[in-house]
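Number of protein chains: 2
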Amino acid sequence: MSETAVTFAKENGKRFVEELKSFLRIPSISTDPERAADVRRAAEFVADELRRIGMENVRLLETSTSETVYAPSSGPAQVVAARNGHPLVYADHMHAVPVNGKPATTVLLYGHYDVQPAEPMEEWKSPPFEPSERDGNLYARGAVDDKGQMWMHVKALESLLATGGGRLPVNIRVIVEGEEEVGGEGIAAFVREHPEQLRADVALVSDSEMFAPDLPTLCVGLRGMIYTEIEARGARSDLHSGMYGGAAPNPFVALAQIIAQLKDATGRILIPHFYDRLCAPSDAELAAWKALPFDEEVYRETEVGSTVLTGEPGFSVLERTWARPTLDVHGIAGGFTGAGAKTVIPARALAKVSMRLVPKMTTAESFALYKDYVEAICPAGITLDVRLIHSGDPVVVSTDNPYVRAATSAMYKVFGKETVFVRGGGSIPIVGDFIRELGIPTLLMGFGLPDDNLHAPNEKFHLANFHRGIESIVLFLGSAAEV
Amino acid sequence: MSETAVTFAKENGKRFVEELKSFLRIPSISTDPERAADVRRAAEFVADELRRIGMENVRLLETSTSETVYAPSSGPAQVVAARNGHPLVYADHMHAVPVNGKPATTVLLYGHYDVQPAEPMEEWKSPPFEPSERDGNLYARGAVDDKGQMWMHVKALESLLATGGGRLPVNIRVIVEGEEEVGGEGIAAFVREHPEQLRADVALVSDSEMFAPDLPTLCVGLRGMIYTEIEARGARSDLHSGMYGGAAPNPFVALAQIIAQLKDATGRILIPHFYDRLCAPSDAELAAWKALPFDEEVYRETEVGSTVLTGEPGFSVLERTWARPTLDVHGIAGGFTGAGAKTVIPARALAKVSMRLVPKMTTAESFALYKDYVEAICPAGITLDVRLIHSGDPVVVSTDNPYVRAATSAMYKVFGKETVFVRGGGSIPIVGDFIRELGIPTLLMGFGLPDDNLHAPNEKFHLANFHRGIESIVLFLGSAAEV
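These protein sequence lines are chains P and Y, in that order.
When we follow the working numbering, the leftmost residue of the first sequence carries the number 1, and every step to the right adds one.
When we follow the working numbering, the leftmost residue of the second sequence carries the number 484, and every step to the right adds one.
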């Protein structure tokens, strides 16, 4: 059954890519309130296709979420409570026959149809929402994160249904969200409130990357994250730096002083007790990472492009990005940043600061430690508002699991190579939700590449991996039936 | 002659205000390239009026200047060399008769017709370019800085010409610039290259404020300034903070670390040798400042509105803002500052940082010390470009001068009070140019008030001061003839 489905996928590969292009043309930027209609259009696009290929109970599930909007200059931040969220797309197909007398396996497929903003627009070689094929890659915002990878799931299901007489080897539930890039509040609430609707034996997520081209990869650990805003207020209104410089507090200087005290020059975070619960990787895991094909100098040169790499001494790049907490500043709003000179001491400024967490740190405790510390080091004359924008707990997935073996076996057939186990530095909060609320493991079987420019201009998906991903998923679902 | 001119000014005061409103409706924002045509229109408005009232040799003098444009995201800053600058307006009237056998006095009147940007727009109670009278004040961008105060000069000349049969008590040269808010490169070059065209005995500038309502004020010292940009570059392109956090340098963190090392928690600047040339005010000057009607707590409450005032311990607010160097950050560009969360490590970020200088610090040496220090403390993995955007030397004007006595005598007649001598914390670079290139003193006779919201929303001019300013200038020009 799986082999004929693989043949079907090969024969229809070009059509699959054309369909994906139509999907990528929808600018479903979840963080942009003006794109709400486009985000919904993307949800409907997914639902329509799930219906067309023969999935059942296809529907949009509405969500609600809260949002804080920051006015770019002085004046209070506005909290828009309980705005409508972006809908979830649900579908299922629950007619798999028992195998060897055991109830049929149920697999939960997860993906997201929303994308990051495309800015800075001028750096895209082709427009972000006009997909363009070049050198075997498909360029577009969302090509790999996650529309393209989610589309692999849909096309694997289509290949199986079309060649299996409308039957699937396992029961399938599909849940696709539209708020992954803005914190995923809606799906988190749904998983918490309706776990029975997502009951399954294992979840499959394709929102990660392969460690190297041609190297099948399962990601078995993810960092968590807390994304925060620090708003600093000084004078009542904007003041002239000539007249008031020397007397009025400067919110930018205050934020700089705070940020400079959040981590030291090596990158070690200075928040008291921040590292207390940290659980280091095992010696076996560290040894396996050392064996991976990874050259820090090549990584610096080709991926980062900075003069040197930064981070804590005594830890390798893989340890620093997979298994150490880190802190970054993403932007600082307020004041004057146009061309020329405006001599303003702004009334307020706002910094966007996030931290990555590793097992077994928790988001709630980490944020509390951070907030207490930031407030304790607040400079004179400044009042602060320290807010949590969103968060996700870190996770580790056990490799001692028959579904992991089913996945590695499927990928061996497609790639001809043994799977490597890695971690990811990023955060996929839903994986923690599946563990906590559904009690099921998640397989992070991703087919992106390290140079796919996630969240950056010129995002792409290597099309060979799109096709191999579909075939791997087809074979995995076939093997999962035997577990 | 002066008394009839004062009567004329009183009788025509309402018309003068209406004319000023027409002038204020022109959004002559010199820093905004899209407003270049409006800036020129403002120059022509001034020239037309100078012609109408009977001034001679009225003309626009073209300037050129260089400009650096900062692209908001990564990609190189663009240097637009030698763009056309905003024109100077020149006029003169050189027919004054000798008094007591001495050649007639020549007075150079200076003002500027350009204005600051109006942002944040939403905080204006009436639109910035639709002048609105409320409670005896005229609200508009440029009302007091400097269109309204420059208009006093024009209207004083009109009053004298109209009542003096086309004669003036002194020779007059008028020079009005359109680049004061963007560094005044054009006029600086003109003064340097054509000092003979501006030859005079004394300059009068009305671009400062009164120390308190009803208290005639001459400003006899100004801080200088260097306005800089620090551009920090890390990775080649924007990166995902999950995948690269712990390895990629963060330009925002780097800028924060640099800024936090520029001054200590009390505001003392940490750049080595920055204070070496500083010349403190005399004991007599400090004693006079102590006698001024000034309450630091009222100032904090009504003008600044912060929880506490900041600045170096051991110095009063007036010392800190008039006679101590200070450092401020005006904005930090780059990265993501919209609503929501984008987990980007930006490739670059840019901070706008300025320092105020006091006698006898120099801009060239101060910038060199700053640049060397910033480059020395640059964090690992970051490359910096430290640029000077514009600058002005600090100045002190001697009070031992017959024109100062003419000015205080004129203001005594209008206000019935003795003039106080103060300094200004801001910078008027042209005053230094007049001293250096023309060898003449400048009288800073301003009629703004401390709460006039210069460079901020709801800028205003107290109309009583507009009228008293015209009368004071009329009487000063009459007295200056006797010097």
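For every residue, glycine included, the Cβ atom is placed at its ideal position computed from N, Cα and C.
Since this is a predicted model, take the numbers as computed values, not measurements.
Asked                                                                                                                                                                               : Found
Which bits of chain P does aspartate 778 of chain Y rub up against, with CB to CB less than 9 Å?                                                                                    : Residues of chain P passing the Cβ test: none, with the nearest at roughly 13 Å.
From the beta carbon of alanine 81 of chain P, is the nearest beta carbon of chain Y less than 8 Å away?                                                                            : Only weak support exists for where alanine 81 of chain P lies, its pLDDT of 40 falling under 50; the coordinates are left without a value.
Look at phenylalanine 499 of chain Y and phenylalanine 528 of chain Y and say whether their C-beta atoms are less than 8 Å apart.                                                   : no
Please identify the residue among P/Leu318, P/Gln257, P/Asp276 and P/Lys263 whose C-alpha is closest to the C-alpha of glutamate 285 of chain P.                                    : P/Leu318
Which ranges would you report for the alpha helix (DSSP H) in the segment 238 to 304 of chain P if only whole runs of at least 4 residues count?                                    : 241 to 244, 251 to 260, 283 to 291 and 296 to 299
From what residue to what residue does the alpha helix (DSSP H) around alanine 410 of chain P run?                                                                                  : 402 to 415
My understanding is that histidine 723 of chain Y touches histidine 455 of chain P, with C-beta atoms under 8 Å, so please give their C-beta distance in whole angstroms.           : 5 Å
With a floor of 3 residues, list each beta strand (DSSP E) that falls wholly inside the segment 159 to 239 of chain P, ordered by position along the chain.                         : 171 to 177, 202 to 205, 217 to 222 and 224 to 233
In terms of DSSP beta bridges, what is isoleucine 53 of chain P paired with?                                                                                                        : DSSP, once it has assigned bridges, lists no residue as partnering isoleucine 53 of chain P.
Within 10 Å of its beta-carbon, does glutamate 122 of chain P have 16 or more other beta-carbons around it, so buried, or fewer, so exposed?                                        : exposed
Using a Cβ-Cβ cut-off of 6 Å (strictly less than) and excluding sequence neighbours within five positions of tyrosine 960 of chain Y, which residues of its own chain qualify?      : Looking at the sequence shown, residue 960 of chain Y is not tyrosine but leucine. Excluding positions up to five away in sequence, the list reads Pro652 and Val653.
Looking at chain Y, is there any beta carbon in it that lies within less than 8 Å of the beta carbon of leucine 218 of chain P?                                                     : no
Do you know offhand how far glutamate 365 of chain P's Cα is from leucine 388 of chain P's?                                                                                         : 12 Å
Give the single residue among P/Tyr110, P/Val39, P/Thr7 and P/Phe129 whose Cα lies nearest to the Cα of asparagine 458 of chain P.                                                  : P/Phe129
Flag this pair as yes or no: are the beta carbons of glycine 221 of chain P and histidine 462 of chain P separated by less than 8 Å?                                                : no
Of all Cβ atoms in chain P, is any one closer than 8 Å to the Cβ of proline 862 of chain Y?                                                                                         : yes
Tell me whether glycine 649 of chain Y is buried or exposed, calling it buried when 16 or more other Cβ atoms sit within 10 Å of its Cβ.                                            : exposed
Using a Cβ-Cβ cut-off of 7 Å (strictly less than) and excluding sequence neighbours within five positions of lysine 497 of chain Y, which residues of its own chain qualify?        : none
Count Cβ pairs between the segment 767 to 785 of chain Y and the segment 720 to 737 of chain Y that sit closer than 8 Å; are there 3 or more?                                       : no
What three-state label does DSSP hand phenylalanine 904 of chain Y in the structure shown?                                                                                          : strand
From the beta carbon of threonine 440 of chain P, is the nearest beta carbon of chain Y less than 8 Å away?                                                                         : For the sequence presented, residue 440 of chain P should be read as isoleucine rather than threonine. No, isoleucine 440 of chain P lies away from the interface with chain Y (no Cβ there is under 8 Å from its Cβ).
Determine, using beta carbons only, whether glycine 245 of chain P and aspartate 876 of chain Y come nearer to each other than 8 Å.                                                 : no
Tell me the DSSP secondary structure of phenylalanine 528 of chain Y in three-state form.                                                                                           : helix
Tell me whether threonine 302 of chain P is buried or exposed, calling it buried when 16 or more other Cβ atoms sit within 10 Å of its Cβ.                                          : exposed
Consider the Cβ of alanine 939 of chain Y: report whether some Cβ of chain P lies at a distance smaller than 8 Å.                                                                   : yes
For valine 590 of chain Y, tell me which candidate among Y/Met633, Y/Phe949, Y/Ile923 and Y/Ser765 has the shortest Cα-Cα distance.                                                 : Y/Ile923
Are there three or more Cβ pairs, one per stretch, closer than 8 Å when the segment 134 to 154 of chain P is compared with the segment 21 to 35 of chain P?                         : yes
Here's a check: name, in chain order, each residue in its chain whose Cβ is nearer than 8 Å to the Cβ of isoleucine 860 of chain Y, leaving out the five neighbours to either side. : Gln740, Ile741 and Gln744
Kindly indicate if chain Y contains any beta-carbon less than 8 Å away from that of tyrosine 110 of chain P.                                                                        : no
Hey, does leucine 309 of chain P have any beta-carbon neighbour from chain Y nearer than 8 Å?                                                                                       : yes
Along the beta strand (DSSP E) that carries valine 107 of chain P, what are the first and last residues, could you check?                                                           : 106 to 112
Residues in its own chain within less than 7 Å of tyrosine 299 of chain P by CB, not counting five upstream and five downstream?                                                    : Val317
In its own chain, which residues sit with a C-beta less than 6 Å from the C-beta of leucine 533 of chain Y, not counting the 5 before and 5 after it?                               : Val541 and Ala574
Since serine 874 of chain Y sits in a beta bridge, which residues does DSSP pair it with?                                                                                           : Y/Ile709
In or out: tyrosine 275 of chain P buried (at least 16 other Cβ within 10 Å) or exposed?                                                                                            : exposed
If we define contact as Cβ-Cβ less than 8 Å, is valine 253 of chain P a contact residue for chain Y?                                                                                : yes
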